[in-house]
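Novice: Take this note's numbering: the final residue in the sequence shown is number 1087, and no numbers are missing along the way.
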Amino acid sequence: MPGLTIYTGNRLELLAEDLAALLSDPLHLPLATEVVMVQSRGMERWLRMQLARAHGICANIRFPFPNHFLKSIFSDIFPDLLESEFYSPAVLAWRIMELLSQCPEEPAFRGLGNYLNSGEGDLRSFQLSSLIADTFDQYLLFRPEMIFRWEAGEEDHWQAGLWRMISSGNRKGHRAALARDFLLRLGEGGILPGGFPQRVSVFGISVLPRFHMELLAAIASAVDIHLFLMNPCMEYWGDLASERTKLTRARKAAEGGAPGADLYIETGNPLLSSLGTLGRDFFDMVGEFQHLIVEHFEEPGTDTLLHCIQSDILHMRDRAASGERTTIDPEDTSLRIHSCHSPMREMEVLHDVLLDLLEKDPDLRCEDVLVMTPDIDGYAPFIRSVFDEGSGDRTAIPFSIADRSLHDDSPVARALMQMLDLCGGRHTASAVVELLEAEPVAARFGIQRENLATIKRWIRENRICWGLDGEHKTEEGLPGFDENTWSAGLSRLLLGYAMPAEDERTFQGIYPFDGVEGQEAELLGKLCSFLKHLFGFTRGLRDRRPPARWAMDLKGPLDSLFADFDPFSADLKDVRESV
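#1: Counting along the chain, where does the beta strand (DSSP E) carrying VAL544 start and finish?
#2: In whole angstroms, what is the alpha-carbon distance linking ALA668 and PHE719?
#3: Determine the DSSP secondary structure at VAL1083, reduced to helix, strand or coil.
#4: Do you know offhand how far ASP1067's Cα is from PRO705's?
#5: Considering only C-alpha positions, which residue in the set ASP837, THR835, ILE836, ASP820 is nearest to ALA829?
#6: Who are the Cβ neighbours of ARG934 in its own chain at under 6 angstroms, not counting the five residues just before and after it?
#7: Going by CA-CA distance only, name the one from ASP896, ARG618, PHE644 that's closest to ALA598.
#8: Output the residue ranges of the beta strand (DSSP E) runs that lie fully inside the stretch 540 to 605 and measure 3 residues or longer, sorted by chain position.
#9: With a CB to CB cut of under 8 angstroms and the five nearest residues on each side skipped, what residues in its chain are close to THR982?
#10: Using the C-alpha atoms, what's the distance from ILE817 back to PHE690?
#11: Ignoring anything shorter than 4 residues, give me the alpha helix (DSSP H) runs that lie fully in the stretch 644 to 731, in order along the chain.
#12: Hey, quick one: how far does the alpha helix (DSSP H) through LEU1049 stretch, first residue to last?
#13: Under 8 angstroms, with one C-beta from each stretch per pair, do the stretch 1016 to 1035 and the stretch 947 to 964 reach the 3-pair mark?
#14: Exposed or buried, which one is PRO919 when buried takes at least 16 other CB atoms within 10 Å?
#15: Taking ALA951 as the reference, give the member of ASP1074, LYS760, PHE711 with the closest Cα.
#16: For the beta strand (DSSP E) that THR835 lies in, which residues bound it at each end?
#17: Any beta carbon of chain B sitting closer than 8 angstroms to that of ILE967?
#18: Exposed or buried, what is HIS849 when buried is set at 16 or more other beta-carbons lying within 10 Å of its beta-carbon?
#19: Of all the options PRO838, PHE895, PHE617, VAL949, which has the alpha carbon lying nearest to the alpha carbon of ASP860?
#20: Quick check: what's the CA-CA separation for PHE1070 versus ASP929?
#21: Starting from the C-beta of SER729, find all residues in its chain whose C-beta is less than 7 angstroms away, skip the five residues before and the five after it, and write them out in chain order.
#22: Have a look at ARG853 and PRO889 and give me their C-alpha separation to the nearest angstrom.
#23: So PRO851 and GLY886 are supposed to be a Cβ contact under 8 angstroms. How far apart are they, rounded?
#24: Could you compute how far the alpha carbon of ASP990 sits from the alpha carbon of ASP977?
#25: Determine the extent of the beta strand (DSSP E) in which GLY511 is found, giving its start and end residues.
#26: Hey, out of GLU1030, ALA540, LEU716, whose CA is closest to PHE650's CA?
#27: To the nearest angstrom, report how far apart LYS680 and LEU686 are at their CA atoms.
#28: At the level of alpha carbons, what is the spacing between LEU607 and MET793?
#29: Along the chain, which unbroken stretches of the alpha helix (DSSP H) at least 4 residues long are found entirely within the stretch 843 to 878?
#30: Do PHE711 and LEU527 count as a contact pair if the criterion is CB distance below 8 angstroms?
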């Protein structure tokens, strides 16, 4: 029977068991796909392993993000009104930039006009437009009623006026309008399309906006919706307030002469009340919708320090206030704090700790270990540096880095961004060599890792510092001599191969470099081919052009500078599709 069912528990493994039990009940159609919404690809991979462990296989399950799932619903129900890319922040930023150039003279936009005219030209305009586009995207999700007021003409400040210009002629295409029309259709007894999932599960998502919950609750009138939510406390904790909140309320009560009834609020567990505000508000919001509740809590016990903390949170207990004491083994290591002087040292300590844990506990598997950090992109180079060392050795720890963007996780995308950074720049020796060190670039020109030391020696001994040639230096506002440029260095290298350096003779003012011998000539040819392609594109990409032309011109370096064979072909395909 359709409806909304919420599963809560204090351990993710227990919720995974509940999901596995639910999925053991097959759908009506044997080839129908299960839909399990998640918040990250890391959670998807972990959940796939848990389901495979429970059922022996994990197949025919789709793991969309909430926004992608709702977008697919809207595309099925409103194919003619699908927002497509019209309201996506990346596209919206360009449309806003165009509109800002047309309306600074209006009174409401005078402040924006003063800001845009203060300098930096198009760059400042694009940065501001991107920020406004992201803000509007958040408004559609968290403040849809405000957007509807603006479209009705109720406010006349610059944000409202700008939104009316943006949405003119397409006020039914953004996700706030699509959600409103979808809710109206279901409320009037509308039938969902035939391809709609028979069952939808939501797993491991810590918080959802009201926008998503309202849509899920509405869909629950037609299909089964199952939410699997982590809840650290088995008691009701919606009224908890931290000590700071209590003090703030006490001060306001004293200033207003109120009797201070709000002071009689419960603090409960201080850790839960101070750090669980977001989760508390989310559970309060979820409770507003009609649902069935399934609880699956497990008593952690008090044998370790970590279990004591978990137990106190589970029962909403303040151990300090009650005076209760528990003896902890002095050798307990369930909760440890390592103070390290650098991220690199953090990774080294982590590696040693994991090796120790895996050696002491034969039942512990690498897939059971989750390492979390607030900035995975900042730590990724250090993770690879430490955990890649000794790869293939029996002590090596297999690992994967989740939740990274295409730019961060794709060597082709990183190298492309490095190349674009060179455009309009000085083309320093270090920046060009760094690009050549990228694996997809080096593989494209057949340059091995051991060849890079030779290339760096050539650059160093020929004193190549920066600049393509004398003309490039002139463009940078310096005297236009060729010395210490790439042109001068390559001329010496090529002449050194063609003729010996004897008696300090020069040829057309060029002194040959006596350091290219035998098979190194082939490497020199590869280096020249790389620099010819690179400098051709970086010089050609300095000019302004419309976005469509940018997309077309960027495909040139993708085909000429990057290897299109394994293991880079998949990355190159993804980057081509993103351009």
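Quick reminder that beta carbons are idealized off the backbone N, C-alpha and C, glycines included.
Specialist: In terms of the structure at hand:
#1: For the purposes of this step, residue 544 is taken as the residue at position 36 of the sequence shown. It spans 542 to 545 - the beta strand (DSSP E) in which VAL544 sits, taken as one unbroken run.
#2: The residue given as residue 668 occupies position 160 in the sequence shown. The residue given as residue 719 occupies position 211 in the sequence shown. So the alpha carbons of these two residues sit roughly 21 angstroms apart.
#3: Working through the sequence shown from its first residue, we reach residue 1083 at position 575. If DSSP states are grouped into helix, strand and coil, VAL1083 belongs with the helices.
#4: Your numbering for residue 1067 matches position 559 in the sequence shown. Your numbering for residue 705 matches position 197 in the sequence shown. Taking the straight line from one Cα to the other gives about 40 angstroms.
#5: By 1-based counting over the sequence shown, the position of residue 829 is 321. Selected option, being the one with the closest Cα: ASP820.
#6: Locating residue 934 in the sequence shown gives position 426, counting from the first residue. Only TRP974 meet the Cβ criterion.
#7: Working through the sequence shown from its first residue, we reach residue 598 at position 90. Considering only alpha carbons, the answer is PHE644.
#8: 542 to 545
#9: Counting from one through the sequence shown, the residue named residue 982 turns up at place 474. These residues qualify, in order along the chain: GLY988.
#10: The residue you call residue 690 lines up with position 182 of the sequence shown. The residue you call residue 817 lines up with position 309 of the sequence shown. For PHE690 and ILE817, the distance between alpha carbons rounds to 44 angstroms.
#11: 652 to 659, 666 to 675, 683 to 695, 718 to 727
#12: Residue mapping note: residue 1049 aligns to position 541 of the sequence shown, counting from 1. Note, LEU1049: premise wrong, no alpha helix (DSSP H); not H, not E.
#13: yes
#14: Taking the first residue of the sequence shown as position 1, residue 919 is located at position 411. Classification for PRO919: buried.
#15: Locating residue 951 in the sequence shown gives position 443, counting from the first residue. Measuring from the Cα of ALA951, the nearest candidate turns out to be ASP1074.
#16: Position 327 of the sequence shown, counted from the first residue, corresponds to residue 835. Counting along the chain, THR835 falls outside any beta strand (DSSP E), and DSSP gives it neither H nor E.
#17: The structure shown contains no chain B, having only a single protein chain.
#18: As a position in the sequence shown, residue 849 is number 341, starting the count at 1. Under this definition HIS849 is an exposed residue.
#19: Looking up residue 860 in the sequence shown gives position 352. Per the Cα distances, PHE895.
#20: Taking the first residue of the sequence shown as 1, we reach residue 1070 at position 562. Taking the first residue of the sequence shown as 1, we reach residue 929 at position 421. Roughly 16 angstroms between the two C-alpha positions.
#21: For the purposes of this step, residue 729 is taken as the residue at position 221 of the sequence shown. The answer, listed in chain order, is PRO510, LEU694.
#22: In the sequence shown, counting from the first residue as 1, residue 853 sits at position 345. In the sequence shown, counting from the first residue as 1, residue 889 sits at position 381. Answer to the nearest angstrom: the Cα atoms are 13 angstroms apart.
#23: The residue labelled residue 851 in the question sits at position 343 within the sequence shown. The residue labelled residue 886 in the question sits at position 378 within the sequence shown. Their Cβ separation, rounded to whole angstroms, is 7 angstroms, which keeps PRO851 and GLY886 in contact under 8 angstroms.
#24: In the sequence shown, residue 990 corresponds to position 482, counting from 1. In the sequence shown, residue 977 corresponds to position 469, counting from 1. Their Cα atoms are separated by approximately 5 angstroms.
#25: Along the sequence shown, read from residue 1 onward, the residue named residue 511 stands at position 3. It spans 511 to 517 - the beta strand (DSSP E) in which GLY511 sits, taken as one unbroken run.
#26: Counting from one through the sequence shown, the residue named residue 650 turns up at place 142. Closest by alpha carbon: LEU716.
#27: Working through the sequence shown from its first residue, we reach residue 680 at position 172. Working through the sequence shown from its first residue, we reach residue 686 at position 178. Their backbone Cα atoms lie some 6 angstroms apart in a straight line.
#28: Numbered from its first residue, the sequence shown carries residue 607 at position 99. Numbered from its first residue, the sequence shown carries residue 793 at position 285. Roughly 38 angstroms between the two C-alpha positions.
#29: 851 to 868
#30: Numbered from its first residue, the sequence shown carries residue 527 at position 19. Numbered from its first residue, the sequence shown carries residue 711 at position 203. Yes.
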